[in-house]
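Asks: Below are the structure tokens for one structure; questions will follow.
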Amino acid sequence: MFERTITIVPEAGLHARPASKFVETANQFDADIQIATEGDDPVNARSMLSVSGLGVEHGEEVRLIADGEDAEAALDALETVLTTPEDEYDE
Amino acid sequence: MSERTLSGIGVTPLSGVGTVVWYDQDVEIGEPPAAESVDAAAEHGRFENAVEQAQEELQAERDRTAEKVGESEAEIFDAHLQFLNDPQITGAVEDSIDEGLPAEHATREGFQQGIEQLEAAGGRMAERADDLRDIRDRLVRILADAERIDLSALPEGTVLLAEMLTPSDTAQLDPEAVAGFATAEGGRTSHAAIFARSIGIPAVVSAGDDLLDIEADSEVVVDGEAGEVIVDPSEATRERASERRGVEVRADRVETADGKEIEVAANVGTLAELEGAVAQGADAIGLFRTEFLFLDREAPPDEDEQVETYVEALDAFPEGRVVVRTLDVGGDKPIPYIEADEEDNPFLGMRGIRRSLGPDADLFEIQIRALLRAGAKGEGTLAVMFPLVTTVGEVEATLDVVEEVAADLESEGVDYAMPELGVMIETPAAVFVADALAERLDFFSIGTNDLAQYVMAASRQNEHVADLHDPSDPAVLRAIHRAVEAAHGGDIWIGMCGEMAGDPELTELLIGLGLDELSMSAVTIPDVKANVVEIRTDDAGELAETALESATKGEVRAALSDDT
């Protein structure tokens, strides 16, 4: 099991396009991935509803927990999403 | 059988008669059977199949909408697809199946929590709850094996009835086949209403719950002028309705009886409306709203997508001009990915060009780049117009942005063309400095809805002051007059793209005031063109003079009715 704490860079926070991108990325890996905000229970990182329901804003910290073969690669990819400003996304 | 009349809001001055087809009635699934009698394994399989079929349907509708309406409208479906596979929701449905519910009941149950969660979050999130409802209803319909009407293939002479119609629904309607539509909900400015006006289908919205009692296959008349839906119409009613209106569509440009050319143009808000504008004989597009490119999506459209959209509009009017208004948000038009603070008085706050020169500067620059590139590529003549200008400083800052973008494109070796540049005249401030603005610009277009709102200090949305919000009040007419004088003094053209421009009863007054162009909902173009050719500019000038000398709205009205 791997864990990482990341500060959200995109201006929109974990909403709209960044949230969508995050969920899409989580879905590309086999590992079980969860995301949590401080003091709350972790939720499934593959669920748009759960992820956007966290209401994470720009500058806040989240904890990612991944378990499985490709857990570390998944965390790397998700960290990239969360630390890339929105206007630098590739189409 | 005697006829029965339902009242709603008419949205097009047309009427039609046809046979009722119902769209999207709720699927009745009844009470769930006892849990012991449900085969959970089989229900899991049914749910899985339903999700798969929903996915195929959504993908097909997405492709069709992208082709017929535009890529940005199609993105609504991407959000649906993402929610369809959301493990929180599918997990909840599967749990409900395990508790002994059949798949359709489990779907209702499982989605409910997500819908409530989004609604509780409020704001932008709450709007997404409708997406979930849409997906839920789709799954339930598939599970109940209920038929779904193909809106793009309705039989000729159909009157479509629905509780409400979404943008993706209306985009599929074939104006040739549909004799009219009526919805129980919705307002004059709902998407369905705007669409009906642009393509010229008789339509009534907000007809109330009584509409839901009308049976499929009944004969009905949809009278979009009176705002009535008439069930089982008498022979006389039916004949009146099927006449529609006799005003001929003039595809050519028109001039007054004494030879002054008046450009009659269309206001459009989506690519789909371009076709309607051409069909109604528009000479040009006097207002191309760009908000549709930005609404209903999670991220702003990129430069290439915008270029493509603007080129499509320009190609629809190879001989004419397309006046594109840059993004006009704030006030009544929030956009999901644009951070806007709550304002006490949004109509006096961050709107229009104020946002483009401030918090939305990045979006604005991309839009200007796309416009300059499109101008070099599309067939028609491009004009770009900036909304809600109040000061000369704003215009200078805006022109600086355009110059900088042009310089960038030049140094990158990208093809571009400098469009005509103009502003909306919608604030008293712009009227008072119009002479200075005219020195810096190529044209003006008067937005009468906002101009009346700001001149009369009366909100467009407040029914208690609706009487004050009238563009034919002498105060507003004098503001229009002053803007026209300033434009012509500076040798630039001036048009009008507010609702006033499309009122056939005011055509003579507007020509008398000296407007060079009138831009309106496509559906009123044939009437206005028919008026223009009858009008003499000297008579019109006298009428305008009397109206401008009037002290009250009553006197203006009297002058207008004396004249006819």
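If you read the protein sequences in the order shown, they are chains A and B. Remember, my numbering sits 1 above the position in the first sequence when you count from 1. Remember, my numbering sits 76 above the position in the second sequence when you count from 1. No residue lacks a Cβ here, since even glycine has one placed at the ideal position from N, Cα and C. Nothing here was measured: the structure is a model prediction, and the numbers come from that model.
For the pair the stretch 129 to 143 of chain B and the stretch 326 to 337 of chain B, tell me if three or more CB-CB distances fall below 8 Å.
Replies: Contact between the stretch 129 to 143 of chain B and the stretch 326 to 337 of chain B is absent, because fewer than three Cβ pairs lie under 8 Å.
Asks: Let me know the alpha helix (DSSP H) ranges lying completely inside the stretch 255 to 316 of chain B, each 4 residues or longer, listed in chain order.
Replies: 267 to 275
Asks: Report the residue ranges of all alpha helix (DSSP H) runs contained in full by the stretch 4 to 60 of chain A; include only those spanning at least 4 residues, in chain order.
Replies: 17 to 27, 49 to 54
Asks: Considering R337 (chain B), what are the terminal residues of the beta strand (DSSP E) in which it resides?
Replies: Here residue 337 (chain B) turns out to be Glu, not Arg, going by the sequence shown. Counting along the chain, the unbroken beta strand (DSSP E) around E337 (chain B) starts and ends at 337 to 344.
Asks: If we call anything under 8 Å between Cβ atoms a contact, is L82 (chain B) one with E304 (chain B)?
Replies: yes
Asks: Helix, strand or coil: which one does DSSP assign to M532 (chain B)?
Replies: helix
Asks: Excluding sequence positions up to five away, which residues of its chain have a Cβ less than 8 Å from the Cβ of G276 (chain B)?
Replies: T88, L90, P251, G352, A355, Q356, A598, V599
Asks: Against chain B, which members of the stretch 35 to 62 of chain A pass a CB distance test of less than 8 Å?
Replies: V44, N45, R47, S48, M49, L50, S51, S53, G54, G56
Asks: Roughly how many angstroms separate the alpha carbons of L76 (chain A) and I66 (chain A), rounded to a whole number?
Replies: Each residue's alpha carbon lies about 8 Å from the other.
Asks: How would you label P86 (chain A), buried or exposed, when you count the other beta carbons within 10 angstroms and need 16 or more for buried?
Replies: exposed
Asks: Hey, which unbroken runs of the alpha helix (DSSP H) at 4 residues or more fall wholly within the stretch 173 to 229 of chain B?
Replies: 179 to 197, 199 to 219
Asks: Under the assumption that L194 (chain B) contacts E239 (chain B) (Cβ atoms under 8 Å), give the Cβ distance between them as a whole number of angstroms.
Replies: Not quite, the Cβ-Cβ distance comes to about 21 Å (not below 8 Å), so this is no contact.
Asks: Would you call the stretch 592 to 612 of chain B and the stretch 365 to 383 of chain B touching, i.e. three or more CB-CB distances under 8 Å?
Replies: no
Asks: Nearest-angstrom Cα distance between T346 (chain B) and Q529 (chain B)?
Replies: 25 Å
Asks: Please specify which runs of the alpha helix (DSSP H), each continuous and at least 4 residues long, are wholly inside the stretch 424 to 460 of chain B, giving them in chain order.
Replies: 428 to 432, 437 to 453
Asks: Could you name the residues of the same chain whose beta carbon sits closer than 7 Å to that of L544 (chain B), not counting the 5 residues immediately before and after it, in chain order?
Replies: Once the five neighbours on either side are set aside, the close Cβ partners of L544 (chain B) are M532, A534.
Asks: Taking the alpha-carbon of A179 (chain B) as reference, which of B:Q382, B:A126, B:D299, B:V103 has the nearest alpha-carbon?
Replies: B:A126
Asks: Pull up the DSSP beta-bridge partners for V400 (chain B), would you.
Replies: B:F364, B:V460
Asks: What do you get for Q135 (chain B), buried or exposed, if any count of 16 or more other CB atoms within 10 angstroms of its CB means buried?
Replies: exposed
Asks: Only counting the same chain, and skipping five residues up and downstream in sequence, which positions put a Cβ closer than 6 Å to that of A155 (chain B)?
Replies: D207
Asks: Name, going along the chain, the residues of the stretch 162 to 173 of chain B whose beta-carbon falls closer than 7 Å to a beta-carbon of chain A.
Replies: D162, P163, Q164, I165
Asks: Going along chain A, which residues have a C-beta under 7 Å from G190 (chain B)?
Replies: L50
Asks: With 8 Å as the threshold, decide whether the Cβ of R64 (chain A) is near any Cβ in chain B.
Replies: So, not an interface residue.
Asks: Does chain A have any CB closer than 8 Å to the CB of M494 (chain B)?
Replies: no
Asks: Identify the residues that DSSP records as bridge partners of A641 (chain B): which are they?
Replies: Since the first residue shown for chain B is 77 and the last is 640, residue 641 (chain B) is missing from the structure and cannot be characterised.
Asks: Please report the distance separating the alpha-carbon of H1 (chain A) from that of L448 (chain B).
Replies: The question about residue 1 (chain A) has no answer here: the residues shown for chain A are numbered 2 through 92.
Asks: Is the Cβ-Cβ distance between G428 (chain B) and P463 (chain B) less than 8 Å?
Replies: Contact flag set, yes.
Asks: Determine contact between the stretch 379 to 395 of chain B and the stretch 621 to 639 of chain B, defined as no fewer than three beta-carbon pairs at a distance below 8 Å.
Replies: no
Asks: Taking only three categories from DSSP, how would you classify L160 (chain B)?
Replies: helix
Asks: I need the DSSP call for I85 (chain B), collapsed to helix, strand or coil.
Replies: strand
Asks: Cutting at 8 Å between CB atoms, please list the residues of its own chain near P550 (chain B), excluding the five before and the five after it.
Replies: A623, L624, S626, A627, T628, K629, E631, V632
Asks: Got a sec: is the Cβ-Cβ distance from T386 (chain B) to anything in chain A below 8 Å?
Replies: A small correction: the amino acid at residue 386 (chain B) is Tyr; Thr does not occupy that position in the sequence shown. It does not; no Cβ of chain A falls within 8 Å.
Asks: Can you tell me the Cα-Cα spacing of V96 (chain B) and G86 (chain B), whole angstroms?
Replies: 18 Å
Asks: When the cut-off is 8 Å and only beta carbons count, does Q158 (chain B) lie next to chain A?
Replies: For Q158 (chain B), the answer is yes, since a Cβ of chain A falls inside 8 Å of its Cβ.
Asks: Which first and last residues belong to the beta strand (DSSP E) in which G571 (chain B) is found?
Replies: 569 to 572
Asks: At the level of alpha carbons, what is the spacing between A205 (chain B) and N607 (chain B)?
Replies: Roughly 47 Å separates the two Cα atoms.
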